[in-house]
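Residue numbering for the sequence shown follows my numbering, starting at 831 and increasing by one per position.
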Amino acid sequence: MNEQARNFADAASHAQLLDRLAEVAVRVGLGLKPGQELVMTAPLDAVDLVRRITEHAYRAGASLVTTIFSDEETTLMRFRHGQDRSFDTAPAWLYEGMAAAFKNGAARLAIVGEDPSLLAKEDPEKVSRANRARSKAYMPALNMIAGFDINWTIVAAATPAWAKTVFPNDPEDAALAKLWQAIFSASRVDTPDPIASWEKHNAALQARTRMLNEKNYAALHFRGPGTDLRVGLADGHEWNGGAAKAKNGIVCNANIPTEEVFTTPHKDRVDGTVTSTKPLSYNGTLIQDIQVRFEGGRIVESRARTGETVLNKVLDTDEGARRLGEVALVPYSSPISQSGLLFFNTLFDENASSHIALGQAYSKCIRGGGAMSEDELASRGANKSLIHIDWMIGSDQVDVDGITQDGKAEPLMRGGEWVTK
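Below you can see the structure in the form of structure tokens.
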């Protein structure tokens, strides 16, 4: 951060920064257009940000803003008092309604800020069943999001439980203030002109994607402690990063913040071993020190220091859950990495580290994929699954080579940094 930006950040109040985050969410994240509806989901603790986003959405011309809130206390009540058979059900009517809204042109915004360990003490069998039921019910809406049919984005709000996880030694108020400041900084709103800052950042990410698309590597080779992994790339794959145009013609940033460039692996061409470099917080369960081995694209061995039971149940969700749907490259020098914080939240931690994702592939990462059938996408190597779960495999000890179409290895990242600036 330069001196001008630092002076601005010091002078700006929390309310001003919150308002700027809301503006960035609407203008940069969504690119919301006049007449669009907006469907928003958020935890109860994020109500202040919800209100700011709602105001900016209406100022941008939204026809209607509908927010669906979640409450962690009532979630815990379900696991502690709900009937056993209830864990195989999910509100399909809700997700069908969301899908109907998307088909009618609505945009989607998710605010995240959940307690990373909310369900750590609950029955992992019930957690797994509930997650599976939700994933299955959510599929009509998820297909439109993963297929980039609509403009959508994810932003974060600091919440007390999340803040205490990131800053366990601080009083709650201090922890919450620190987490908010980290969110503002990572989201580039603590600068004099956040919109211009995002334009510059998007241009840099798109320059990187152009380089990778020109290279058209056949595979990536990751090497580091506990990792020797070759990730074959899908036939006709295309790298993406930063702002992108959805099928509805609207340019949006799906993640605020974002530091990644990403593409689709070939579901049958992943081999070797890989070790996670950061914990994965998955629906209230913290999964740490993941180690897996791939053969022919499929995970055939898996273990984790904590959350292993939940991890293995996730891998058994469906056939595609043991295969990859995304590979992403992020330099170790990214602002989120350099903050030195472990966020216990995928939106942030994936942007501090190169990562892979189990499950569903993005059709937009296949050239012409938006117009392809599921069978056509599968023939290119795109994976299909009820899940899409990112976990981190990069660090300053991990090197990455690009493998050319004729099998030659070219240095791409060394010590977690791009070889070519």
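We put the CB at the ideal spot given by N, CA and C, even for glycine.
- Within the region 1080–1160, the beta strand (DSSP E) runs of at least 3 residues that lie entirely inside it are, in chain order, 1091–1093, 1095–1105, 1110–1112, 1115–1117, 1121–1125, 1128–1133, 1154–1159.
- Between the alpha carbons of Val1228 and Gly1246 lies a gap of roughly 6 Å.
- Contact check for Ile1129 against Val1140 fails: the beta carbons are separated by 8 Å or more.
- Counting of Cβ neighbours within 10 angstroms places Glu1089 among the buried residues, the total reaching 16 or more.
- Taking the CA atoms as reference points, Ser1169 sits about 26 Å from His1218.
- Taken through DSSP and simplified to helix, strand or coil, Val996 comes out as helix.
- Secondary structure of Asp1231 (DSSP, three-state): strand.
- 8 Å or more divides the Cβ of Leu1063 from the Cβ of Ala1074.
- Here Ser900 carries a strand assignment [DSSP, helix/strand/coil].
- Scanning Gly1114, Ile980, Asp1119, Trp992 for the CA closest to the CA of Gly861 turns up Ile980.
- It is roughly 14 Å from the alpha-carbon of Ile1233 to the alpha-carbon of His1067.
- One alpha carbon belongs to Met1243, the other to Ser1215, and they sit about 30 Å apart.
- Taking the Cβ atoms as the reference, Asn1083 lies roughly 6 Å from Thr983, within the contact range of under 8 Å.
- Following the DSSP letters along the chain, one finds Leu1216 in no alpha helix (DSSP H), marked with neither H nor E.
- The beta carbon of Thr1115 sits closer than 7 Å to those of Leu949, Ala950, Val957, Gly1137, Val1140, all from its chain and outside the five residues before and after it, given in chain order.
- The three-state secondary structure of Met870, taken from DSSP, is strand.
- Shown here, Val985 sits in a strand according to DSSP, grouped into three states.
- Taking every protein chain shown into account, the CB of Asn1175 has 16 or more other CB atoms within 10 angstroms, so this residue is buried.
- In the structure shown, the three-state DSSP call for Asp1058 is strand.
- A straight line joining the alpha-carbon of Pro873 with that of Lys994 spans about 16 Å.
- For Gly1189, the uninterrupted beta strand (DSSP E) segment begins and ends at 1185–1189.
- Judged by DSSP in its simplified three-state form, Leu906 adopts helix.
- Within a 10 Å sphere around the beta-carbon of Leu894 sit fewer than 16 other beta-carbons, which makes this residue exposed.
- For the options Gln866, Ala845, Asp901, Gly859, the alpha carbon positioned closest to that of Arg882 is the one of Ala845.
- Pairing Gly1126 with Asp1146 gives a Cβ-Cβ distance that is not under 8 Å.
- Between the alpha carbons of Cys1195 and Asp1119 lies a gap of roughly 29 Å.
- In its chain, beyond the 5 residues on either side, Ser958, Asn961, Tyr1112, Ala1151, Leu1188, Ile1217, Ile1219 have a beta carbon closer than 8 Å to the beta carbon of Val1144.
- Distances from the CA of Val996 to each of Gly1056, Asp1179, Tyr1192 were compared; the closest alpha carbon is that of Asp1179.
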